[in-house]
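A.B. asks:
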Amino acid sequence: MQIVCVSRGTFGGGKQLAETLAKKLGCVCLSREEINDAATAAGIAVGKLELAVTQRRPLNEWLNIEKERYKAFVTQNLADRALAGPMVYHGRHAHLQLPNVSHVMRVRAIMDADMRTALTMQRLGLPRDKATIYNEQVDEDRARWARTVYNIDWQDPGQYDAVINLSRVKADNAASALVTMTQLPEFQAAPADRRQLTDLSLACRCRLAVGADARTRLSDVQVKAREGRVLLTYLPRHHQLAKIFPEVLAGIDGIGELTCTMASTNLMWVRERFAEDDAELEQIVDLASRWDAAVELVRLGSTEAADAPALESALLGAAQQADDRAGLGGILDDTANVELDYGDPGVNQTMQRLTSSGRVGGFRAVRGGTKELLTGIDRTASYSLVVIGQVFLDKPAPVRKRLTRELIGFLADKLKVPVVEAAELKAHYSFGWTQGLRLILTGAATAGLVALVLNHQVEILSFLTGPGTLHRALCAAALFAFAPVFAYLHGQFSHHVLRLFRFE
Amino acid sequence: MPDFFSTSVFIPLTWGTAGQVILLGFIGGILSGFIGSGGAFFMTPGMMNLGVAGPIAVASNITHKFGKAMVGQKRHGDLGHVDKKLGIFMLATAAVGINLAVFVVKHLFAGGSDPLSNAKGDLYISVVFVVVLAAVSLSMARDLIASRKSGDTQPSRRIVDLLARLRLHPLIRFPVADVSVSLWVVLFCGLATGYLAGTIGVGGFVGVPAMIYVFGVPAQVAAGTELYLAMFMGAYGALNYGFQGMVDIRLTVLLLIGSLFGIHLGTYGTKVVREIVIRLVTTSIILLCVVSRAINIPVYLRQLGLVDFDPAWDTTFNLASKALLYASGLTGAGLILIFVIKANLYRRRVQASLVTTPQGTARA
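Top to bottom, those sequences are chains A and B.
Going by the working numbering, the first residue of the first sequence is number 241, and it counts up by one from there.
Going by the working numbering, the first residue of the second sequence is number 61, and it counts up by one from there.
#1: What is the DSSP secondary structure of MET351 of chain A, counted as helix, strand or coil?
#2: Is DSSP giving HIS330 of chain A helix, strand or coil here?
#3: Quick one: does SER92 of chain B have its CB under 8 Å from some CB of chain A?
#4: Taking CB distances under 8 Å as the criterion, tell me whether ARG466 of chain A reaches chain B.
#5: Spell out whether any CB of chain A is found under 8 Å from the CB atom of ALA295 of chain B.
#6: Can you say whether PHE321 of chain B is buried or exposed, counting buried as having 16 or more other CB atoms within 10 angstroms of its CB?
#7: Starting from THR44 of chain B, trace the beta strand (DSSP E) both ways and give me its first and last residue.
#8: Is THR312 of chain B close to chain A, meaning its C-beta is less than 8 Å from at least one C-beta of that chain?
#9: Less than 6 Å between C-beta atoms, sequence neighbours within five positions excluded: which residues of the same chain meet that for ASP308 of chain B?
#10: Compute the distance between the beta-carbons of PHE102 of chain B and GLY318 of chain B, then report whether it is under 8 Å.
#11: I'd like to know whether the C-beta of ALA691 of chain A is nearer than 8 Å to at least one C-beta of chain B.
#12: Decide yes or no for the touch test of the stretch 427-439 of chain A against the stretch 341-357 of chain A: beta carbon pairs closer than 8 Å, at least 3 of them.
#13: Does the contact criterion of 3 or more C-beta pairs under 8 Å hold for the stretch 326-334 of chain A versus the stretch 269-278 of chain A?
#14: For TRP302 of chain A, count neighbouring C-beta atoms within 10 Å of its own C-beta (all shown protein chains included) and say buried if the count is 16 or more, exposed if not.
#15: Can you find a CB in chain B that lies within less than 8 Å of the CB of LEU719 of chain A?
#16: Would you mind stating whether GLY252 of chain A and ILE392 of chain A have Cβ atoms separated by less than 8 Å?
#17: I think THR260 of chain A touches ALA411 of chain A, with their Cβ atoms under 8 Å apart; what is that distance to the nearest whole Å?
#18: Could you check how far apart the C-beta atoms of LEU448 of chain A and ARG309 of chain A are, in whole angstroms? I think they sit under 8 Å.
#19: From B:GLY250, B:GLY181, B:PHE303 and B:GLY392, pick the residue whose C-alpha is nearest to that of ALA290 of chain B; which is it?
#20: Let me confirm a value: THR357 of chain A is counted as buried when at least 16 other C-beta atoms fall within 10 Å, else exposed. Which label applies?
#21: Which chain A residues sit within Cβ distance under 9 Å of LEU320 of chain B?
#22: In chain order, which beta strand (DSSP E) runs of at least 3 residues are fully inside the stretch 475-520 of chain A?
#23: Give me, in chain order, the residues of the same chain whose beta-carbon lies closer than 8 Å to that of THR674 of chain A; leave out the 5 immediate sequence neighbours on both sides.
#24: Could you compute how far the alpha carbon of LEU347 of chain B sits from the alpha carbon of LEU198 of chain B?
#25: I'd like to know if the stretch 686-699 of chain A and the stretch 274-291 of chain B are in contact, where contact means that at least 3 CB-CB pairs between them fall below 8 Å.
#26: Going by DSSP, what residue range makes up the alpha helix (DSSP H) through VAL657 of chain A?
#27: Under 8 Å between beta-carbons, which chain A residues line up against LEU73 of chain B? List them in chain order, please.
#28: Spatial neighbours of MET271 of chain B within its chain, please: C-beta separation below 6 Å, excluding the five flanking residues on both sides.
#29: Look up VAL367 of chain B in the DSSP assignment and say whether it is helix, strand or coil.
#30: Note down, one range per segment and in chain order, each beta strand (DSSP E) of at least 3 residues found wholly within the stretch 382-433 of chain A.
#31: Taking a contact to mean a Cβ-Cβ separation below 8 Å, would you say PRO230 of chain B touches LEU243 of chain B in this structure?
#32: Between which two residues does the beta strand (DSSP E) carrying LYS263 of chain A extend?
#33: Give the residues of chain A in contact with ILE309 of chain B, contact being defined as C-beta atoms less than 8 Å apart.
#34: Check this for me: beta carbons of MET150 of chain B and THR253 of chain B, under 8 Å apart or not?
#35: Within 8 Å of any Cβ in chain A, is that where the Cβ of ASP238 of chain B sits?
#36: Assuming ARG513 of chain A contacts GLY586 of chain A under a Cβ cut-off of 8 Å, what Cβ separation, rounded to an integer in Å, is found between them?
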């Protein structure tokens with residue numbers, strides 16, 4: 241079951257390459273244009289979305305929702321086609337449409353600038369200078385689309401398995417080479433990939449159902465699915481829809497369990513092993529409750545780890561249960577308290593605890609290292625914090641410490657959100673004795689400065705209005721130093737007061 | 061003490077006045093956190109209504125903004141929301157704009173405690189305030205009405221479209237904001253932002269919309285870059301006004317006390333309120349502030365001898381202006397606080413996710 245996604249530019253030869261490749265593989269060839277037409281016919285405002293991005297307009301609330309619907313539509317269509325058999329898809333950013341499906345071959349078709357300009361001149365009848373400007377503008381629009389819709393740099397070659405320069409290699413020859421490449425073990429579907437496609441399709445069908453219902457059409461929701469467990473997170477402003485979401489999704493096949501969580505943001509918690517009786521878990525739950533956040537668990541493990549079989553189990557999850565459900569037509573047995581298994585007792589207990597506190601935000605198991613962890617993250621999701629718990633447990637303590645630090649630096653750099661070690665959580669985000677002391681100290685300093693200013697009004701104002709160039713320069717410098725110092729001290733004080741009252 | 065205040069441009073500060081300035085800062089902070097920029101549009105006239113001379117109110121507010129922006133931009137910078145290149149380009153002309161504004165204000169206000177020069181300064185600041193903010197709020201109101209009719213909540217894109225067609229070279233690429241903008245457009249917007257920041261202390265109301273609607277910068281990056289810009293402009297304004305002896309440090313401190321609390325609540329409000337409501341509240345507040353300031357203009361005109369009416373009416377105009385300003389600020393801030401409290405109460409009440417299975421079993 242090969243899946244090849246060809247990411248192409250305008251007049252870059254990608255379409256021809258994809259069609260030739262599909263012919264050689266004897267499979268269906270889909271284009272972005274076909275999917276877009278279908279999305280428009282389904283009522284998604286693709287044209288307005290494209291216009292907003294190309295005209296550099298900020299996406300408002302409605303267009304952001306349309307963006308999510310569009311992404312869900314494309315992914316669901318491709319996932320369903322891929323489940324039916326081999327497929328070649330070509331279009332702008334084709335490689336981003338099936339996230340976390342490891343056997344997808346991601347190809348980028350490029351062509352040198354002169355050849356593209358010549359093709360543009362020929363096909364659009366433009367003079368050379370206008371054709372060059374046209375191509376530059378189209379490339380800029382593409383890059384902006386990738387940033388706006390997927391928050392990804394389109395030009396980064398690290399995202400592709402193969403980059404083919406069609407100025408040097410003919411489409412037919414390139415397609416032949418790609419046919420050989422598709423036979424490599426890396427591009428063969430594993431059971432986990434099939435399951436990921438099923439999960440993607442289920443999540444997208446749920447997202448589209450929310451967008452299609454008049455009652456929930458304008459709600460900003462995120463949907464994830466794993467093994468038939470669907471997790472829908474919605475913003476606090478849509479709280480009145482909490483009981484409507486289950487009604488809207490009631491008719492969708494394949495939902496084993498639906499969890500609706502109200503959350504303003506997401507908090508990612510990465511660990512190698514999870515356990516319920518853990519102080520870290522309580523800190524995370526407390527923080528998530530204060531921040532209105534949904535907690536996403538990420539179990540990061542290496543294949544060398546001592547508990548690799550447990551990770552394997554988590555990765556494969558309840559494959560058997562999924563198959564059983566399929567046999568039952570997506571309906572669970574009639575035991576009310578049936579629990580789906582995440583393949584790890586610690587994860588099961590942690591998820592149970594998060595569910596009971598209303599902060600569940602999904603679970604993922606990632607095998608590998610830093611890069612693999614990043615691959616699975618939805619870059620457009622709003623994360624407020626990433627907490628790194630105990631990871632790299634099979635390494636000696638100094639190595640573990642170094643690798644953890646590297647992981648924190650890498651994630652902070654790539655995700656642009658605060659990333660902290662779990663041990664620092666209390667110091668940074670909880671209210672304890674240290675924070676209490678800081679509150680008292682900053683409060684005292686603020687009060688002292690206010691008292692100083694108000695008790696010596698005349699002296700201070702006389703000083704600030706005194707004559708003489710040198711004196712005036714001194715006054716300006718004093719003000720220049722005083723304002724930020726006072727703002728910092730009072731800012732810290734107000735921050736701690738609000739944290740004390742759990743208002744963040 | 062009475063001697064000092066009777067001969068200086070500064071007002072005597074009572075506990076009541078101090079409390080009102082803190083309240084102005086608090087409301088300004090809430091509005092600033094909720095709207096994403098501004099706050100000064102409420103604080104500057106608010107202080108003027110307390111008897112603070114216009115230029116002193118502007119100078120004290122810009123110094124308060126300097127401290128606030130310095131703390132705020134660091135946080136935005138950590139999240140990657142600051143395009144320093146764009147900030148520096150705008151800053152170059154914003155500095156000229158502020159300098160020009162300080163020069164004009166100082167020239168008009170040359171008489172110090174002389175009532176006539178006070179009236180000239182107040183009239184000038186009030187007119188600029190009314191003209192600029194009336195244009196901003198009416199444009200926002202027109203967009204709101206249009207979006208209600210068409211169902212599309214997009215803001216107007218005429219300026220972006222016009223500039224996209226013009227493509228005035230040289231174009232400068234700003235990597236964090238991911239846009240290419242004509243150098244001339246950046247410089248003009250920087251100049252206007254600086255001039256208005258220096259004149260009425262409301263630079264953000266021009267800078268942020270300009271970055272979003274004229275340059276096409278993402279809203280978060282626009283807010284972060286504006287704070288970066290505001291830090292430098294505030295510093296420059298504070299140094300300049302400080303050098304002129306126009307900063308009332310007491311007002312700066314009291315404003316900071318209120319605003320740093322208010323800004324947290326306002327920011328929280330944006331998470332729990334729909335975009336269209338945010339724009340509606342913002343537009344209404346600015347329009348009411350404009351009317352409030354406009355009501356006072358006849359008083360300054362009379363003081364300058366340009367119109368003639370009974371001076372007893374001054375109190376009525378002042379009271380009406382004050383009432384309208386406080387009504388707009390308090391209503392806006394009150395609405396935002398209601399949204400925040402309601403959302404917070406709901407959050408505490410709903411402590412569990414709703415879990416359902418195909419059998420309809422639900423548990424919390």
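Beta carbons are placed, not taken as given, at the ideal position from N, Cα and C, and that holds for glycine.
C.D. replies: With the given structure in hand:
#1: Your numbering for residue 351 of chain A matches position 111 in the first sequence. Here MET351 of chain A sits in coil by DSSP.
#2: Against the first sequence, residue 330 of chain A aligns to sequence position 90. Here HIS330 of chain A sits in strand by DSSP.
#3: Here residue 92 of chain B refers to the residue found at position 32 when the second sequence is read from its first residue. For SER92 of chain B, the answer is no, since every Cβ of chain A falls outside 8 Å of its Cβ.
#4: Here residue 466 of chain A is taken as the residue at index 226 of the first sequence, counted from 1. Chain B contact via Cβ: absent.
#5: Taking the second sequence and counting its residues from 1, one reaches residue 295 of chain B at position 235. Yes, because at least one Cβ of chain A sits closer than 8 Å to the Cβ of ALA295 of chain B.
#6: Here residue 321 of chain B corresponds to residue number 261 of the second sequence, with the count starting at 1. Buried, because 16 or more other Cβ atoms sit within 10 Å of the Cβ of PHE321 of chain B.
#7: Outside the displayed span of chain B (61 to 424) sits residue 44 of chain B, for which this structure offers no information.
#8: As a first step, residue 312 of chain B must be located in the second sequence, where it is residue number 252. Closer than 8 Å: yes.
#9: Taking the first residue of the second sequence as position 1, residue 308 of chain B is located at position 248. Here the set comprises PHE70, ILE116 and SER120.
#10: Within the second sequence, residue 102 of chain B is the residue found at index 42, counting from 1. Within the second sequence, residue 318 of chain B is the residue found at index 258, counting from 1. Their beta carbons are not under 8 Å apart, which means PHE102 of chain B does not touch GLY318 of chain B by this criterion.
#11: Sequence index remark: in the first sequence, residue 691 of chain A carries index 451 (1-based). For ALA691 of chain A, the answer is no, since every Cβ of chain B falls outside 8 Å of its Cβ.
#12: yes
#13: yes
#14: Start at 1 with the first residue of the first sequence, and residue 302 of chain A comes out as number 62. When all chains shown are included, TRP302 of chain A counts as buried.
#15: The count along the first sequence starts at 1 and reaches residue 719 of chain A at position 479. Taking Cβ atoms only, chain B reaches closer than 8 Å to LEU719 of chain A, which makes this a yes.
#16: By one-based count along the first sequence, residue 252 of chain A stands at place 12. By one-based count along the first sequence, residue 392 of chain A stands at place 152. No, Cβ-Cβ distance for GLY252 of chain A and ILE392 of chain A is not below 8 Å.
#17: Position 20 of the first sequence holds residue 260 of chain A. Position 171 of the first sequence holds residue 411 of chain A. Indeed, because the Cβ distance is near 5 Å, the residues count as touching under 8 Å.
#18: For the purposes of this step, residue 448 of chain A is taken as the residue at position 208 of the first sequence. For the purposes of this step, residue 309 of chain A is taken as the residue at position 69 of the first sequence. Right, their Cβ atoms sit about 6 Å apart.
#19: Within the second sequence, numbered from 1, the residue matching residue 290 of chain B stands at position 230. Closest by alpha carbon: B:GLY250.
#20: For the purposes of this step, residue 357 of chain A is taken as residue 117 along the first sequence, with counting starting at 1. With 16 or more other Cβ atoms within 10 Å, it is buried.
#21: By one-based count along the second sequence, residue 320 of chain B stands at place 260. What LEU320 of chain B touches in chain A: ALA727, HIS730, GLY731, PHE733, SER734 and HIS735.
#22: 497-502 and 505-511
#23: Residue mapping note: residue 674 of chain A aligns to position 434 of the first sequence, counting from 1. The residues are ALA667.
#24: Against the second sequence, residue 347 of chain B aligns to sequence position 287. Against the second sequence, residue 198 of chain B aligns to sequence position 138. C-alpha separation (whole angstroms): 8 Å.
#25: no
#26: Here the question's residue 657 of chain A lines up with position 417 in the first sequence. Taken as a continuous stretch (DSSP letters only), VAL657 of chain A belongs to no alpha helix (DSSP H), as it is neither H nor E.
#27: Looking up residue 73 of chain B in the second sequence gives position 13. Per Cβ cutoff of 8 Å: LEU694 and GLN697.
#28: Taking the second sequence and counting its residues from 1, one reaches residue 271 of chain B at position 211. Within the same chain, MET271 of chain B has close Cβ partners VAL277 and ALA282.
#29: If you number the second sequence from 1, residue 367 of chain B lands on position 307. It is coil, neither helix nor strand.
#30: 402-405
#31: Locating residue 230 of chain B in the second sequence gives position 170, counting from the first residue. Locating residue 243 of chain B in the second sequence gives position 183, counting from the first residue. Their beta carbons are under 8 Å apart, which means PRO230 of chain B touches LEU243 of chain B by this criterion.
#32: The sequence position of residue 263 of chain A within the first sequence is 23, counting from 1. Segment 254-265 is the alpha helix (DSSP H) holding LYS263 of chain A; no beta strand (DSSP E) there.
#33: By one-based count along the second sequence, residue 309 of chain B stands at place 249. Residues of chain A passing the Cβ test: VAL693, ILE700, LEU701, LEU704, LEU719 and PHE722.
#34: Taking the second sequence and counting its residues from 1, one reaches residue 150 of chain B at position 90. Taking the second sequence and counting its residues from 1, one reaches residue 253 of chain B at position 193. The answer is yes: Cβ separation under 8 Å.
#35: Working through the second sequence from its first residue, we reach residue 238 of chain B at position 178. With 8 Å as the cut-off, ASP238 of chain B counts as an interface residue toward chain A.
#36: Taking the first sequence and counting its residues from 1, one reaches residue 513 of chain A at position 273. Taking the first sequence and counting its residues from 1, one reaches residue 586 of chain A at position 346. Indeed they touch by this definition, with Cβ atoms about 6 Å apart.
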